[in-house]
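Just so you know, we're using numbering that gives the first Met the number 0 here: the sequence shown kicks off at 0 and counts up by one. Here is the structure we will look at.
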Amino acid sequence: MPKKNKLGIETLLAETAKFAEVESTYDEPSLFGITDGKAVGTYLEHKFIQYLVAKYDFE
């Protein structure tokens with residue numbers, strides 16, 4: 000298994016911008032009709048964490 004890079008603050012900020020740009024380019028059918036902002040935020044938070052876990056080591 001290849002070693003992952005450590006996630007620092009600068010990299011986190013760059014990855015956050017990249018993730019947001021990609022996520023804003025397509026519809027998310029599982030969120031249609033959801034009016035609870037907290038539920039939407041939690042969904043995106045979990046998706047973002049999985050995105051980071053696949054690429055970096057962090058605590």
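Even for Gly, the Cβ is constructed at its ideal location relative to N, Cα and C. Computed from a prediction, not measured in an experiment: that's the story for all the values here.
What would DSSP say about Y55, mapped onto helix, strand or coil? strand
If contacts are defined as beta-carbon pairs under 8 angstroms, then E22 and L51 qualify, I think. What distance do you get, rounded to the angstrom? Incorrect: roughly 13 angstroms between the Cβ atoms, too far for contact.
Looking at I33 and V39, is the spacing between their C-beta atoms short of 7 angstroms? yes
Beta bridge counterpart(s) of K5 as assigned by DSSP: D56
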